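Trainee: One structure coming up, written as structure tokens, with questions to follow.
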Amino acid sequence: MASIRTYRTAGGDRRYSVRYRDPAGRNRSQTFSLHKDAQAFRLDIERRHQAGLLYQAPPERFGDVAQAWLERFVIGAAGRVRPRPKTIRVAEDCLRYLTPLNDLAVERIRRPVVEDLLASIATHAPRRVEMTLTLLRRILKASEERGQQVDRTVYGIRIARGGARAALPHLGRGARTPVLDARVRLPG
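Just so it is clear: in the sequence shown, position 110 is 255 by this note's numbering, and no numbers are missing.
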């Protein structure tokens with residue numbers, strides 16, 4: 146089943162680590178600042194274990210899941226350390242780009258929907274696309290750990306990176322301009 150282990154951080158704060166085995170048999174742990182949160186998580190893990198494959202969390206809207214994730218993130222429960230204020234502001238800003246998904250159930254978020262959303266963001270904020278996709282993946286991963294059904298193809302979305310053509314705009318399609326390495330010496 147699951148167990149709670151209490152320990153102190155280097156700063157003297159008390160933490161509660163819930164240790165359990167996932168369905169694949171691997172040892173996992175989740176750390177909490179509050180004992181009550183650790184107990185609730187342990188109880189949820191034990192319920193899932195008892196229900197086995199029959200357990201299915203009730204579907205939740207993405208907006209609710211994202212808001213709950215943000216609240217845990219702000220207090221430091223969604224990660225290893227408590228984030229800095231600027232990191233929180235960036236996460237809130239990226240969540241604003243994800244508002245079109247708020248009314249969808251988490252299980253209904255599919256790869257084409259996300260790709261279309263990212264394409265619309267890329268027209269006016271190209272750097273935010275990568276950050277928003279990373280945040281979406283974190284939220285979906287957290288909701289999957291809490292029992293939600295997630296379309297795993299969303300994790301496979303890749304953002305096109307600016308390569309040599311972006312760095313060298315004079316090399317358009319069909320251009321045969323030679324690019325010389327600085328180490329090459331021309332005869333002459």
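We put the CB at the ideal spot given by N, CA and C, even for glycine.
Note that the structure is a prediction, hence the values are computed from the model and not measured.
1. I'd like to confirm the pairing. Which residues does DSSP put opposite TYR152 in its beta bridges?
2. Does the separation of the CB atoms of TYR300 and ARG282 fall below 8 Å?
3. At which residues does the beta strand (DSSP E) containing SER174 begin and terminate?
4. Could you check what DSSP says for ALA250 in three-state terms: helix, strand or coil?
5. Roughly how many angstroms separate the alpha carbons of ARG321 and VAL259, rounded to a whole number?
6. Name, in chain order, the residues that DSSP records as bridge partners for TYR165.
7. Closer than 7 Å by C-beta to ALA267: which residues in its own chain qualify, once you throw out the five before and the five after it? Chain order, please.
8. What's the gap between the Cα of ASP182 and the Cα of LEU280?
9. Could you give the uninterrupted runs of the beta strand (DSSP E) lying entirely in the segment 261 to 315, keeping only those of 3 residues or more?
10. Go through its chain and collect everything with a Cβ distance to TYR242's Cβ below 7 Å, but skip five positions before and after it.
11. Can you grab the Cα-Cα spacing for the pair ARG217 / ALA305, in whole Å?
Mentor: Short version:
1. In the sequence shown, counting from the first residue as 1, residue 152 sits at position 7. BP columns for TYR152 point to ARG160.
2. Counted from its first residue, the sequence shown places residue 300 at position 155. Counted from its first residue, the sequence shown places residue 282 at position 137. When the beta-carbon positions are compared, TYR300 and ARG282 come within less than 8 Å of each other.
3. Within the sequence shown, the letter at position 29 stands for residue 174. Segment 172 to 177, the beta strand (DSSP E) holding SER174.
4. Working through the sequence shown from its first residue, we reach residue 250 at position 105. In the structure shown, ALA250 sits in a strand (DSSP, three-state: E or B).
5. As a position in the sequence shown, residue 321 is number 176, starting the count at 1. As a position in the sequence shown, residue 259 is number 114, starting the count at 1. Here the model assigns ARG321 a pLDDT of 45, short of 50, so the residue's position is not dependable and the matter cannot be decided.
6. Position 20 of the sequence shown, counted from the start, is the residue given in the question as residue 165. ARG173, per the DSSP bridge assignment.
7. As a position in the sequence shown, residue 267 is number 122, starting the count at 1. Closer than 7 Å at Cβ, skipping near neighbours: VAL274.
8. Mapped onto the sequence shown, residue 182 falls at position 37. Mapped onto the sequence shown, residue 280 falls at position 135. Answer to the nearest angstrom: the Cα atoms are 23 Å apart.
9. none
10. The count along the sequence shown starts at 1 and reaches residue 242 at position 97. Correct list, in chain order: ILE266, ARG273 and THR277.
11. By 1-based counting over the sequence shown, the position of residue 217 is 72. By 1-based counting over the sequence shown, the position of residue 305 is 160. So the alpha carbons of these two residues sit roughly 31 Å apart.
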